[in-house]
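Heads up, the sequence shown is in my numbering, so the first residue is 6 and it goes up one at a time.
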Amino acid sequence: MSSAKSHSAQPLNSHSNPHPHWGAPPWHIDFTVRSKPVPSSVDFAIVGGGFTGLAAAAWLRRLAPEESVAVFEADRIGAGASGRTGGMALAESAAGDLPGLGNVLGGLERILAELDIDCDLSLPRAFEIGRGKALKNSPLHWNDSGTLRVVKKVPGGTLDPGKLAAGLARVADERGATIIERFPVTQVDWQRRPPVHAVVHAGGSQCSAGKILFATNALALELTSLAGRAEPKLTLAVLTEPMDEKRLEAIGLAGGNPFYTVDLPYLWGRCLRDGSVIFGAGLVDADDSRDLRQIDITTGDARNLFESIERRIHNLHPELREIKITHRWGGPILFRENWRPVFMPHPQSKNAIVLGAYAGHGVALSVYLGAWAAEALLGQRKLPPWGSLRK
6 MSSAKSHSAQ PLNSHSNPHP HWGAPPWHID FTVRSKPVPS SVDFAIVGGG FTGLAAAAWL
66 RRLAPEESVA VFEADRIGAG ASGRTGGMAL AESAAGDLPG LGNVLGGLER ILAELDIDCD
126 LSLPRAFEIG RGKALKNSPL HWNDSGTLRV VKKVPGGTLD PGKLAAGLAR VADERGATII
186 ERFPVTQVDW QRRPPVHAVV HAGGSQCSAG KILFATNALA LELTSLAGRA EPKLTLAVLT
246 EPMDEKRLEA IGLAGGNPFY TVDLPYLWGR CLRDGSVIFG AGLVDADDSR DLRQIDITTG
306 DARNLFESIE RRIHNLHPEL REIKITHRWG GPILFRENWR PVFMPHPQSK NAIVLGAYAG
366 HGVALSVYLG AWAAEALLGQ RKLPPWGSLR K
């Protein structure tokens with residue numbers, strides 16, 4: 006094995022954007038990863054430093070403090086989907102409830118409480134909005150290919166993704182996990198002879214790992230064997246200027262409820278604490294994760310979609326006619342054929358787990374399933390049957 010290498014670290018914040026061609030989200034990840042050498046061996050290696058990987062690392066160290074854990078992040082913590090999400094915490098999965106899934110939002114609250122993480126979680130319920138029969142006294146009446154109104158209120162809410170990523174990283178670090186930024190994993194060698202382990206190649210260094218969690222979601226699909234078996238895309242969002250209470254009341258968002266349409270054309274969003282509102286719509290296609298990284302939101306399909314989103318926003322309600330847009334950004338998202346998450350053993354080893362493909366429900370689900378994955382790696386819990394891909 007090669008000798009251990011040190012690495013420099015800077016906080017990911019508004020002045021440090023790992024993917025500038027994807028635009029700048031409004032979140033701030035206030036955590037500086039301490040420079041540490043790549044360990045020669047660990048009990049558990051985690052590939053991916055987003056919500057899933059950081060939650061798994063923190064939970065592993067909580068359950069088994071005697072076991073060593075290393076998180077390998079190709080860029081900065083939260084640089085992928087986790088730092089670019091809209092921060093909507095939704096119940097269940099994108100495919101609805103699944104056998105044995107349990108209470109996702111309740112589980113999220115429990116995990117955050119156990120790890121003592123404050124990420125501004127608020128669960129006022131979410132608005133499902135549509136162009137059909139509405140609830141009586143719907144607070145929301147928008148013009149968008151028909152009249153959009155609230156058709157149902159469901160469990161859900163919002164949180165600050167930057168605070169969540171920073172909080173998970175801080176807990177994992179304080180409990181002894183090694184977090185390594187700017188060290189992309191390029192290859193894993195699977196060792197078949199006892200003692201069974203894998204050799205993780207990252208940034209020119211090597212690390213022997215007893216077990217591995219792949220938490221790269223829409224990125225590095227070649228490592229997870231999901232290339233060609235799940236669809237990576239870039240989801241788009243914008244942020245408006247702050248609005249006062251009177252304007253928020255007029256557009257139906259004074260209660261802070263996040264929203265998403267139940268019919269097409271799709272639209273989702275949520276308010277921030279300063280009264281600004283995130284609106285999201287549109288997906289930019291990519292053949293694989295390498296193509297995804299090359300998408301520039303200022304050109305081509307992405308630029309056209311942003312212009313369409315902003316026209317829609319300005320036409321939703323008279324109070325939004327002249328509203329200014331302050332941020333445009335995109336974030337990676339991954340779908341499988343039935344919209345269920347991927348949560349399965351890696352095809353190359355029963356000692357490795359692949360977790361991701363949340364299809365827009367990743368904010369709460371990633372933390373909840375990340376803790377579940379930690380328990381599975383420790384042999385304390387089984388993987389769900391719905392997490393495997395069709396053969």
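Ideal placement from N, C-alpha and C gives every residue a C-beta, glycine not left out.
- In the structure shown, Ser313 adopts helical secondary structure according to DSSP, grouped into three states.
- In this structure, DSSP gives His332 an extended state, which the three-state scheme calls strand.
- Contact check for Trp64 against Ala379 passes: the beta carbons are separated by less than 8 Å.
- Using a Cβ-Cβ distance cut-off of 8 Å, the segment 237 to 245 and the segment 279 to 291 are in contact, since at least three pairs of beta carbons, one from each stretch, lie closer than that value.
- In terms of CA proximity to Val47, Glu72 leads the group Glu72, Val38, Lys41.
- With contacts defined by Cβ atoms closer than 8 Å, Gly58 and Ala220 form a contacting pair.
- Restricting attention to Gly162, Arg136, Lys158, Val156, the CA atom closest to the CA of Ser150 is found in Arg136.
- The count of Cβ pairs closer than 8 Å, one atom from the segment 191 to 204 and one from the segment 359 to 373, stays below three, leaving the stretches out of contact.
- In this structure Arg175 is buried. Its beta-carbon is surrounded by 16 or more other beta-carbon atoms within 10 angstroms.
- For Tyr265, the pairing in a beta bridge is given by DSSP as Glu133, Trp273.
- The beta carbons of Pro166 and Arg130 sit no closer together than 8 Å.
- Counting along the chain, Val347 sits inside the beta strand (DSSP E) bounded by residues 347 to 351.
- Beta-carbon to beta-carbon, Ile217 and Ala207 are separated by about 12 Å, too far to satisfy the 8 Å threshold.
- In this structure, Ala100 places its C-beta atom within 8 Å of the C-beta atom of Trp344.
- DSSP links Ser210 through a beta bridge to Ala207.
- The beta carbon of Arg333 lies closer than 7 Å to those of Gly28, Val243, Ile302, Phe311 in the same chain, with the five residues before and after it left out.
- For the set Ala50, Phe340, Gly54, Ala381, the Cα lying nearest the Cα of Leu231 is the one of Phe340.
- Here Gln385 carries a coil assignment [DSSP, helix/strand/coil].
- In this structure, the beta-carbon distance from Leu394 to Ser98 does not fall below 8 Å.
- In this model, Asp292 and Leu258 are separated by some 37 Å (Cα to Cα).
- Excluding five sequence positions before and after Phe36, the CB atoms of its chain that fall closer than 6 Å to its own CB belong to Ala171, Ala174, Arg175, given in chain order.
- Taking Leu169 as the centre and dropping the five residues before and after it, the same chain places the C-beta of Cys124 closer than 6 Å to its C-beta, in chain order.
- If only complete runs of 4 or more residues are kept, the segment 95 to 139 shows the alpha helix (DSSP H) at 109 to 120, in order along the chain.
- Per DSSP, reduced to three states, the secondary structure at Asn320 is helical.
- The segment 381 to 392 and the segment 108 to 123 do not touch, with fewer than 3 CB-CB distances between them shorter than 8 Å.
- Annotation: Val368 to Leu110 spans about 10 Å, alpha carbon to alpha carbon.
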